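Those protein sequence lines, which keep their order, are chains A and B.
For the first sequence, the numbering used here gives the first residue as 1, with consecutive numbering after it.
For the second sequence, the numbering used here gives the first residue as 325, with consecutive numbering after it.
All C-beta atoms in this analysis are idealised placements derived from N, C-alpha and C, irrespective of residue type, glycine included.
The structure presented is a predicted model; accordingly, all values stated were derived computationally and were not measured.
So the structure is just underneath, and the comments pick up after that.
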Amino acid sequence: MMMNMVQAINSALANEMEADDSVMVLGEDVGTVGGVFRVTDGLLGRFGADRVIDTPLAESLIAGMATGMAMAGLRPVAEMQFMGFSYLAMSMIISHTARMRNRSRGTYTVPMVLRMPYGAGVKALEHHSESTEAMYVQVPGLKVVVPSTPREAKGLLISSIRDPDPVVFLEPTRSYRLFKEEVEDGPFTIPLGEARTVQEGDDVTVVGWGAMMPLVQEAVEAAEGDGTSCEIIDLRTLSPMDSDAVVRSVQRTGRVVIVQEAPMTCGVAAELMARINKKAFLSLEAPPERVTAPDITVPLPKGEKYYYISPDRIYDAIVRTVSF
Amino acid sequence: MWAFRELAGLLWRGLPLDRYYLGWMGNEEGNRYDPGLRITPPAIPVASQYAYAVGLAYASRYRKEEAVTVAFTGDGGTSEGDFHESLNAAGVFKLPIVFVVQNNQWAISVPRSRQTASETIAQKAVAYGIRGIQVDGNDILAMYAASKEAVEVARSGGGPTLIEAYTYRLGDHTTSDDARRYRLTAEAKKWEARDPLVRTMKLLYARGVLDDKGTETIWEEARQAVEDAVSAAESAPPPSLEDVFQYTFEDLPPSLAEQLDALRGERQ
């Protein structure tokens, strides 16, 4: 069936809830109204209020409650209404969700998913455009997943729900209804921790994830018009990071551009560059490039163009790298 | 779900004392509890465990189990946001849970009057629409009665209870604390007479259940148990390099396996 990302995520949740009564959904507005983006639309009617839980407006409680449910053997999928509100829950996520397995020597595990819409480019209020994924990548014990297409979202979410460890699942708000693609109605999985080669190429490797992928695609099309052969990699799991897939590609192309929506310093791109420098140093024909936001607060919509990455900036970086 | 001053409850529950010591000696193995004991490991950020207590209670009700979740914190913990969020949610979902606040008057150096302007901690329950009771926390029988009732209410679908156990921290906060810097020794002295152990002993003497000989035996057994537990904990092996990695995830991801391998070849 043709689905946009919202429908694909909804379909993943419905499949998993159907198959396993330990899968539950909780968060602010996820029940009656089906979530502010309608991602959980219809689930309350199908699975009942015990499993589709409208919680009080309290992010730390939502993350903590899901943690306790998971410790007891359930598989909760908790929603943070926006990534910017997850900061209220970070203490819980860092202190308990991520560490319970280690602290208890495996007596308690936390097989839960924390879904959150993230990202700018949607002309939203303050706190509604964050992409601070690196903060979560820094936390031992957490997995961080970012899908870029509807089908990817469904397969990765089902894997995340079935995963024995806590997963932060970042949904690119901008891509929620950007396009539709063919997605299987039934359940299927896409493994966590494996990057996806979107297209093969010889001259430069372009790496991105989440909402950056359509922009990468656009920039690459322009570069290919100039005769530059580009390999595109969708990192899709930021933790654990499949840097080896990128390293193997760079060993072949000798050039890399990493596109990261988030601010520059200590971002995922920085870690990826460090690993490329260590493992593909002698293959490099040009310094690794990164296209990122500046280290500033996301501007409100009127100033967003100075912050949000354009396909032109990615194209320019590709040209710079190839002509180095 | 203990905070960090609930040793008696843990022992009653069946936690071996050497495991408890091992944890405080700096070895996570001390937190490897028999799952059948249904004890969660210590939560150092005060009252933060209240949030996952709500989840545990929700899960046991969903599974139609008889279990009741009992979560402890102190007077300082009642100032934390998680205390509020959790009591509020437990009330909304009417969960089988008992919140026990050991109000021992001092959160390290800060007195109870600095935690809240409320006259009692128990009265906070009113705002959450749940049961609340203030109990003489140094009266073992009163605490038993209040706890039993709270558990029965929770089990029969009556929702959560907040128990304020009114007590006093006789000692320093930790071995590195010096309570003389912030409170009068006379204040602590006054409370010594109300020590729950002393009071219970008096009661048992008055009822003829216990005498000097019995007391001596108890002390001797306790001394021996502590000595045995300390030596067992001290002789436990330290964790290996693999041990400190292997509980991060169920399976070691490649990048973490690489870090482990690299460390094996380096000087520690």
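Residue-level contact to chain B via CB, residue i, 7 Å cutoff
i	result
G68 (chain A)	yes
R151 (chain A)	no
M116 (chain A)	no
N277 (chain A)	no
M213 (chain A)	no
A78 (chain A)	no
G48 (chain A)	no
L58 (chain A)	Here residue 58 (chain A) is Ala; the residue named in the question, Leu, does not match the sequence. For A58 (chain A), the answer is yes, since a Cβ of chain B falls inside 7 Å of its Cβ.
D234 (chain A)	no
A274 (chain A)	no
A72 (chain A)	yes
P311 (chain A)	no
G31 (chain A)	no
D165 (chain A)	yes
R101 (chain A)	yes
S95 (chain A)	yes
G64 (chain A)	yes
Rounded separation between residue i and residue j - CA only
i	j	result
M264 (chain A)	E330 (chain B)	46 Å
F324 (chain A)	V216 (chain A)	20 Å
V122 (chain A)	D29 (chain A)	21 Å
A195 (chain A)	Y452 (chain B)	47 Å
Q458 (chain B)	G303 (chain A)	55 Å
S148 (chain A)	M213 (chain A)	6 Å
P140 (chain A)	M112 (chain A)	15 Å
G347 (chain B)	R105 (chain A)	12 Å
A556 (chain B)	A546 (chain B)	15 Å
L494 (chain B)	A466 (chain B)	20 Å
V206 (chain A)	L339 (chain B)	55 Å
Y344 (chain B)	E443 (chain B)	35 Å
S159 (chain A)	D519 (chain B)	55 Å
A549 (chain B)	D358 (chain B)	20 Å
D295 (chain A)	S131 (chain A)	12 Å
A153 (chain A)	E16 (chain A)	14 Å
A553 (chain B)	T107 (chain A)	22 Å
L282 (chain A)	H96 (chain A)	42 Å
H127 (chain A)	Y308 (chain A)	15 Å
I421 (chain B)	G68 (chain A)	13 Å
A510 (chain B)	A446 (chain B)	27 Å
I161 (chain A)	P578 (chain B)	21 Å
R531 (chain B)	G333 (chain B)	24 Å
For residue i, the first and last residue of its enclosing alpha helix (DSSP H)
i	result
F407 (chain B)	405-417
P214 (chain A)	212-225
V39 (chain A)	Per DSSP, V39 (chain A) belongs to no alpha helix (DSSP H) and is neither H nor E.
N102 (chain A)	100-103
R343 (chain B)	341-348
A381 (chain B)	373-386
A195 (chain A)	Neither: A195 (chain A) is in no alpha helix (DSSP H) and is coded neither H nor E.
P578 (chain B)	578-588
D312 (chain A)	311-322
P150 (chain A)	150-162
Residue i vs residue j beta-carbon contact at 7 Å
i	j	result
G483 (chain B)	I454 (chain B)	yes
G210 (chain A)	P172 (chain A)	yes
L170 (chain A)	Y118 (chain A)	yes
R275 (chain A)	S249 (chain A)	no
V291 (chain A)	V268 (chain A)	no
F37 (chain A)	E59 (chain A)	no
G193 (chain A)	T237 (chain A)	yes
Y382 (chain B)	F407 (chain B)	no
A14 (chain A)	P150 (chain A)	no
Limits of the beta strand (DSSP E) - the one that residue i falls within
i	result
Y118 (chain A)	113-118
N4 (chain A)	Per DSSP, N4 (chain A) belongs to no beta strand (DSSP E) and is neither H nor E.
Q458 (chain B)	455-460
A441 (chain B)	Taken as a continuous stretch (DSSP letters only), A441 (chain B) belongs to no beta strand (DSSP E), as it is neither H nor E.
M24 (chain A)	23-27
V170 (chain A)	Correcting the residue identity first, residue 170 (chain A) is Leu in this sequence and not Val. It spans 167-172 - the beta strand (DSSP E) in which L170 (chain A) sits, taken as one unbroken run.
I421 (chain B)	421-427
A293 (chain A)	289-293
R337 (chain B)	Careful: R337 (chain B) lies outside any beta strand (DSSP E), inside the alpha helix (DSSP H) at 331-337.
Within-7 Å CB hit, residue i to chain A
i	result
R356 (chain B)	yes
Y468 (chain B)	no
D535 (chain B)	no
L361 (chain B)	no
S372 (chain B)	yes
N412 (chain B)	yes
V475 (chain B)	no
Item to complete: Tell me the start and end of each unbroken beta strand (DSSP E) in the region 480-562 of chain B that is at least 3 residues and wholly inside, in chain order.
Response: 485-490
Worksheet item: Which residue spans inside the region 225-283 of chain A form an unbroken beta strand (DSSP E) run of at least 3?
Response: 230-234, 237-239, 256-263
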